[in-house]
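Participant:
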Amino acid sequence: MGSSMAFWRAAAARRGLTVRELEPAIGVEIGGVDLAAPEDAEITAILRGACVERTLLLIRDQQHLSVDGYVAFTRRFGGELDIHSRQDLCVPGHPEVFVVGNVVENGKAAGAAKVGLNWHTDHYHLERPALFTFLHALEVPPVAGETRYANGIAAWEALDEPTRARISGMSVRHSRRTLFRILFPDSTEAQVEAEGARYPDVVHPLVRTHPESGRRGLYMGGEWGSIIEGLPEGEAKSLFETLLAHMTQPGFVHEHHWRPGDVLMSDNRCSLHRATEWDEGQHSRRLHRIILLDGARPIA
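Residue numbers (the numbering used here): 895 to 1194.
Below you can see the structure in the form of structure tokens.
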């Protein structure tokens, strides 16, 4: 891991990019990058290295980035882009670009206002869940509507040894049916059942090893639809809530205050994130989300 970390920092300095840490435990901002520029393999490697080391990468001032350019940028990291089942909430002609926010077009919701209002890692309901998530801010409220990110590696390393020994081999069951019903309250029961049939429950380790850094971290899933296996229900719920509170305490969290043109890239493999509420009656919020799926299952 050390050589890859040295690579991206040294390469960023050589390319004249600025690097600013967001918080001690999580996050870095890289300046001087134009995501609409032709593909540059070294820049892509710098950005990936930064995101893997710091879990969260911020690139500002991308107001000029078109939807086509945004999709092309995310494809540089390889793998498969997620196609959301709610295509009515995606950008027309771009099935991989999901609209997050209180967007209304032609009198109908064209975005998901309630998505993200809970601590979660993206697509934990899949056998091969999310690898990287990209968010491009087009319209943001002047106050509130922030997004918080938590580092599961830092949280794991800060746990006492008895707790680490207790939870190291545990697993978590994730239910897409439960999650979908909460995230999309306008869905019909038939849509909920179809989603549950399409995505049966999956089980992932509670503590996973990051395949690129080799470090271990908490892999919680989400507040909605995740339950630790092998314990009585009450004990499982209590332990999940205790670990979630530990992971999301301020020392492991960055709260991002959005500006139009911001692009955030986050590593889902040992992190959580959560949007915060805003005054939907007074202000609009529109983020374009793209999720790059992992090619492998999480391993303990």
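Just so you know, even glycine gets a beta-carbon here, dropped at the ideal spot from N, CA and C.
Rounding to the nearest angstrom, what Cα-Cα distance links A935 and H978 in this structure?
Facilitator: Between A935 and H978, the C-alpha separation is close to 28 angstroms.
Participant: Tell me whether S1120 sits in a helix, a strand or coil according to DSSP, three-state version.
Facilitator: In the structure shown, S1120 sits in a strand (DSSP, three-state: E or B).
Participant: Would DSSP call D962 helix, strand or coil?
Facilitator: Residue state, collapsed to three classes: helix.
Participant: Could you say which of G1039, V965, F901, G987 lies nearest to A931 if we only look at CA atoms?
Facilitator: Measuring from the Cα of A931, the nearest candidate turns out to be V965.
Participant: Give me the residue from A1024, A1052, P1035 with the minimum Cα distance to R1183.
Facilitator: Ranking A1024, A1052, P1035 by Cα distance to R1183 puts A1024 first.
Participant: How do the stretch 982-994 and the stretch 1036-1043 stand: do at least 3 beta-carbon pairs fall below 8 angstroms, yes or no?
Facilitator: Counting Cβ pairs under 8 angstroms, fewer than three are found: no touch.
Participant: Which whole-angstrom value describes the C-beta separation of T1103 and A1006, a residue pair presumed to lie in contact below a C-beta threshold of 8 angstroms?
Facilitator: Not a contact, Cβ separation roughly 32 angstroms.
Participant: Please report the distance separating the alpha-carbon of P1138 from that of E1174.
Facilitator: The question names Pro, yet the displayed sequence has Leu at residue 1138. Between L1138 and E1174, the C-alpha separation is close to 27 angstroms.
Participant: Looking only at its own chain, which residues have a Cβ that is under 6 angstroms from the Cβ of E915, when we skip the five neighbours before and after it?
Facilitator: Correct list, in chain order: V922.
Participant: Would you identify the three-state DSSP class for P1144, choosing helix, strand or coil?
Facilitator: Helix, per DSSP.
Participant: Can you tell which of D982, Y1018, T1015 has its C-alpha closest to the C-alpha of G1001?
Facilitator: Taking only the C-alpha atoms, the option nearest G1001 is D982.
Participant: Over the uninterrupted beta strand (DSSP E) stretch that includes E1033, give me the two end residues.
Facilitator: Run containing E1033: 1024-1033, per the beta strand (DSSP E) assignment.
Participant: Quick check on DSSP: helix, strand or coil for D1248?
Facilitator: One cannot answer for residue 1248 here, as it falls past the ends of the chain, which runs 895 to 1194.
Participant: Below 8 angstroms on the Cβ atoms is my guess for R1042 versus D1188; work out the distance and round it to an integer in Å.
Facilitator: With 8 angstroms as the limit, R1042 and D1188 do not qualify as a contact, their Cβ atoms being about 22 angstroms apart.
Participant: Between the alpha carbons of Y1093 and R908, how many angstroms are there, rounded?
Facilitator: Taking the straight line from one Cα to the other gives about 45 angstroms.
Participant: Does DSSP classify E1127 as helix, strand or coil?
Facilitator: DSSP places E1127 in helix when its eight states are reduced to three.
Participant: Could you pull out every unbroken beta strand (DSSP E) segment of at least 3 residues lying fully inside the stretch 910-956, listed in chain order?
Facilitator: Here the runs fully enclosed are 912-915, 922-925, 950-953.
Participant: Would the stretch 941-958 and the stretch 1154-1172 be scored as touching if the rule is three or more Cβ pairs under 8 angstroms?
Facilitator: Contact between the stretch 941-958 and the stretch 1154-1172 is present, because at least three Cβ pairs lie under 8 angstroms.
Participant: For the putative contact between V1066 and E1135, defined by C-beta atoms under 8 angstroms, what is the C-beta separation to the nearest angstrom?
Facilitator: Not quite, the Cβ-Cβ distance comes to about 13 angstroms (not below 8 angstroms), so this is no contact.
Participant: Residue range of the alpha helix (DSSP H) that V1086 falls in?
Facilitator: Note, V1086: alpha helix (DSSP H), 1083-1092.
Participant: Pull up the distance between the alpha-carbon of C945 and that of S1132, whole angstroms please.
Facilitator: In a straight line, the C-alpha of C945 is about 32 angstroms away from that of S1132.
Participant: From L1196 to A906, what does the alpha carbon distance come to, in whole angstroms?
Facilitator: Beyond the ends of the chain as shown, which are 895 and 1194, falls residue 1196; an answer cannot be given.
Participant: Since E990 is in the beta strand (DSSP E), which residue starts that stretch and which ends it?
Facilitator: Counting along the chain, the beta strand (DSSP E) containing E990 begins and ends at 988-994.
Participant: For a quick check, are the C-beta atoms of E933 and R970 less than 8 angstroms apart?
Facilitator: A contact, by the Cβ cut-off of 8 angstroms.
Participant: Which residues share a DSSP beta bridge with G1111?
Facilitator: Note: G1111 sits in a beta bridge opposite R1102.
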